[in-house]
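Here is the structure we will look at, set down as structure tokens.
Residue numbers (the working numbering): 191 to 255.
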């Protein structure tokens with residue numbers, strides 16, 4: 191069995207696994223949308239898909255709770 195701790199830490203422990211890791215590519219492009227709950231216009235960091243609901247920040251946080 192290889193000793194993973196011999197050289198500091200194992201290789202897997204050094205990468206982020208692709209989750210929660212984002213390089214700084216500058217400001218994100220924001221897209222206008224209308225909240226499916228309150229009807230307020232908002233901006234989201236993704237292009238909304240037709241037929242799928244989009245929620246403003248406030249309504250989204252209420253739905254998560």
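Ideal Cβ positions, reconstructed from N, Cα and C, are used throughout, including at glycine.
Of the other Cβ atoms in all chains shown, 16 or more fall within 10 Å of the Cβ of residue 246; this residue is therefore buried. Within its own chain, the residues whose Cβ lies closer than 6 Å to the Cβ of residue 243, once the five positions on either side in sequence are excluded, are 226, listed in chain order. For the set 237, 215 and 254, the Cα lying nearest the Cα of residue 221 is the one of 237. The beta carbon of residue 218 sits closer than 6 Å to the beta carbons of 235 from its chain, once the five residues preceding and following it are set aside; these are given in chain order.
Spatial neighbours of residue 241 in its own chain (CB-CB distance under 7 Å, excluding positions within 5 residues in sequence) are not present. In the DSSP assignment, residue 248 falls within the alpha helix (DSSP H) that extends over 247-254.
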